[in-house]
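Just so we're aligned, residue 34 is where the sequence shown starts under our numbering, counting upward by one.
Structure record follows, encoded as structure tokens.
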Amino acid sequence: MVATKSQQSADAARRVKARRQSGPVTDVVREAIRLATDPQLVVLDGFHCVKHAIRFDAELVLLVTTDRAATLDLADSLAPDVVERLRAELVSVNPSLAGRLRGVDPGSELVGFARRPVPGSDATRRSAPAVLLDNPRNLGNLGAVVRVAAGFGASAVLSTGSVDPWHPAVVRAGAGLHFATTVRRITPEDPALAGQGQLFAFDPSGEDLREIELPDDALLAFGSERHGLSAAVRRRADRLVSIPMAELVSSYNLATSVAVGLYHWSAGRARPAGR
Ligand SMILES: C[S@@+](CC[C@H](N)C(=O)[O-])C[C@H]1O[C@@H](n2cnc3c(N)ncnc32)[C@H](O)[C@@H]1O
């Protein structure tokens with residue numbers, strides 16, 4: 034029988050509790066260092082990452098803190114819904130641990146480890162646009178895109194190029210909202226790019242976005258910070274669209290452009306009841 038996500042999380046919590054009761058603190062440090070290099074896991078650096086991972090049902094493997102009281106106080110004031118989970122699962126470690134984990138801010142008081150979700154099929158018709166980042170280079174930008182995509186309920190953030198969209202610095206910049214949408218790296222030949230809705234590629238030379246209606250199943254493509262859209266994505270695009278800019282301004286930041294694109298899509302839809 035296949036375990037459900039919540040059963041898996043409960044099992045993980047039991048394992049953490051057992052570990053906490055049985056082993057000395059140094060064992061936990063050693064385990065955290067090992068988990069940080071496991072490619073099947075995601076490092077959650079900081080409170081907001083852990084909070085969203087819990088809210089969006091990530092499968093947590095271990096949560097370590099260098100200041101249990103401060104972490105629980107913060108949760109009490111910012112996110113009471115996750116306090117009980119933290120109280121049950123937090124394992125205290127020496128403050129030097131964060132500095133020994135790849136990609137983690139050395140000052141972090143809370144670090145978690147969760148299982149990387151296995152991407153589902155892209156075959157179903159989308160009810161909200163997906164975002165395609167064409168070779169993004171900046172980890173902070175990529176995280177900011179995931180955050181805004183989650184906020185607007187975009188169906189996915191797909192990225193080409195060598196940057197891992199699940200890198201700890203990207204997950205931190207995304208406040209852990211990777212678990213609220215689908216985030217994965219693809220190649221330019223990936224079938225996810227073909228035969229699914231129109232591809233709207235964002236570029237300052239395109240048609241004015243204000244004149245365009247973005248359908249729910251649109252794929253919205255954005256270029257890299259330095260070089261813009263690749264020739265391959267330009268060729269594949271159904272429409273090139275531009276966000277208006279004042280004279281002498283050459284471009285917007287990547288994440289800002291994604292936010293404008295998704296806002297434009299959302300503004301063209303009926304507002305869901307109660308929002
Ligand atoms: C920082 S810009 C890239 C600037 C780059 N030097 C170039 O040649 O395009 C990153 C991406 O944001 C999007 N973008 C920025 N400003 C835009 C605008 N005014 N209209 C449409 N897309 C824009 C584009 O997808 C662009 O490739």
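The C-beta atom is built at its ideal place from N, Cα and C for all residues, glycine as well.
According to the Cβ coordinates, are S290 and F255 closer than 8 Å? Judged by beta-carbon spacing, F255 lies within the 8 Å limit of S290, meaning their Cβ atoms are closer than that value.
Would the beta-carbon of A86 fall within 8 Å of that of A131? no
Cα separation between E246 and W298? 7 Å
So what's R302 in DSSP terms, helix, strand or just coil? coil
Excluding the 5 residues flanking S263 on each side, which residues of the same chain have their C-beta closer than 6 Å to its C-beta? So the qualifying residues of the chain are D167.
Backbone CA spacing between N127 and E258 [nearest angstrom]: 38 Å
Should H260 be listed as close to ligand 1, given that the test is whether its C-beta is under 7 Å from any heavy atom? Yes, the beta carbon of H260 sits closer than 7 Å to at least one heavy atom of ligand 1.
Please list the segments of the alpha helix (DSSP H) lying wholly inside the region 85–170, counting only runs of 4 or more residues, in order along the chain. 101–111 and 116–122
Can you tell which of V203, D197, D271 and L77 has the C-alpha that lies nearest to the C-alpha of T220? D197
What residues match up with S257 in a beta bridge as DSSP calls it? G261
Distance, Cα to Cα, L93 vs R180? 20 Å
Roughly how many angstroms lie between the CA atoms of P331 and L165, to the nearest whole one? The question about residue 331 has no answer, for the chain in this structure spans 34 to 308.
Residues bridged to E240 (per DSSP): For E240, the pairing in a beta bridge is given by DSSP as V274.
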